[in-house]
Amino acid sequence: MTGDFWSMGGYARYVWPCYGIAGAVLAWNLWAAGRYLGAAKVRAARALAMASGEAR
Amino acid sequence: MWTWFYKLASPPYVYGVAAAFVPWLLGFAALAIGYGLVAGLGIAPADYQQGEAFRMIYVHVPSALLSLTVYTVMAVASGIALIWRIKVGHAVAAASAPIGASFAILALITGSLWGKPMWGTYWAWDPRLTSELILLFLYVAVMSLRSAFEDPLRGDRAAALLAVVGVVNVPIVHFSVVWWNSLHQGATIVKLGAPSMPGSMLWPLLSMWLGFMLFFGAVLCMRLQAEVLNRERQASWVREAIK
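The listed protein sequences derive, respectively, from chains R and X. When you line the first sequence up against our numbering, it's residues 72 to 127, in that order. When you line the second sequence up against our numbering, it's residues 26 to 268, in that order.
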């Protein structure tokens with residue numbers, strides 16, 4: 072039963088890479104967006120720190 | 026009546042709303058995709074013609090539909106930014122492009138994997154496949170054009186113009202299987218009339234579609250926050266927002 076599931080009727084080498092790549096694309100989107108947001112926050116904090124330094 | 030529209034033009038308001046939506050969108054996306062995976066891989070029966078290979082539909086169709094939806098969102102946001110000179114529109118367009126491109130790539134790869142056992146080839150210069158590839162090139166062109174200018178405002182405007190012009194490709198992708206002879210099968214769910222699938226196969230597909238849309242919403246909100254911060258770095262409200 073489990074073997075049937077994983078073999079996908081002989082199409083396993085197409086079906087599982089399809090789901091694997093989809094998972095990778097979803098994970099990349101989440102990771103890249105988090106990283107991009109983190110970097111934007113750091114840049115904004117630096118810009119604010121520089122602006123307040125100049126004001127003093 | 027238009028108060029909500031004017032509020033959406035305010036960067037601090039958009040930043041706050043986007044930040045609040047992310048966990049909810051991600052949570053509901055995980056539920057919808059989880060149900061779609063279990064029902065699509067474990068409960069839906071095999072197709073009478075394609076057998077178990079049809080299960081690739083549960084990632085291929087949502088990713089292809091999302092690649093078209095994201096482009097439409099990007100074009101509408103660009104149009105709003107050009108017409109009403111709303112900076113948040115450019116931020117939405119800039120945030121959408123890499124997400125849409127990644128789903129266009131996913132649609133092409135999963136379609137290719139599905140094409141091999143069904144058509145005997147990974148690729149054919151078929152109207153649907155070719156127009157989807159052009160959609161990917163449009164995403165890449167919009168992103169490249171935005172970063173090609175030293176002045177970010179000019180980059181935003183040039184990219185917005187290309188995004189608006191390129192939206193003509195969206196109906197071409199969708200109707201390519203109707204307008205021309207195509208290897209690709211016709212529309213399954215987005216069409217006039219009832220979907221051509223039984224409920225046991227259709228519900229997991231609708232759930233995966235919803236999950237992908239919610240996931241797009243969550244990632245868009247994260248990228249949108251970053252785009253707003255990049256554009257409003259010097260604004261006084263940013264200090265409170267990034268605490």
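Note that the Cβ used here is the ideal one computed from N, Cα and C, for glycine as well.
How many angstroms separate the CA atom of X:Ser270 from the CA atom of R:Gly124? Residue 270 of chain X lies beyond the residue range present for chain X, which begins at 26 and ends at 268; the question has no answer from this structure.
C-beta contact flag for X:Ala89 and X:Ala132 at 9 angstroms: Taking 9 angstroms as the cut-off, the Cβ atoms of X:Ala89 and X:Ala132 count as close.
DSSP puts X:Asp176 in a beta bridge; with which residues? In DSSP, X:Asp176 forms no bridge with anything.
Report the CB separation of X:Trp148 from X:Ser137 in whole angstroms; it is logged as a contact under 8 angstroms. 6 angstroms
Exposed or buried, which one is X:Val63 when buried takes at least 16 other CB atoms within 10 Å? Result: exposed.
Would you say X:Val15 and X:Val253 are within 9 angstroms of each other, going by their C-beta atoms? The requested residue 15 of chain X is not part of the displayed model; chain X covers only 26 to 268.
Backbone CA spacing between X:Val117 and X:Arg80 [nearest angstrom]: 33 angstroms
The region 223–239 of chain X / the region 77–90 of chain R touching (three or more Cβ pairs under 8 angstroms): no
Any C-beta of chain X within less than 8 angstroms: which residues of the region 85–108 of chain R qualify? Tyr85, Val86, Pro88, Cys89, Tyr90, Ile92, Ala93, Val96, Leu97, Trp99, Asn100, Leu101, Ala103, Ala104, Gly105, Tyr107, Leu108
Pull up the distance between the alpha-carbon of R:Gly109 and that of R:Ala118, whole angstroms please. 14 angstroms
Report the neighbours of R:Gly80 on chain X: residues whose CB is nearer than 9 angstroms to its CB, in chain order. Ala71, Gly76, Glu77, Ala78
Give, in chain order, every residue of the region 236–249 of chain X whose Cβ lies closer than 7 angstroms to some Cβ of chain R. Phe240, Val244, Met247, Arg248
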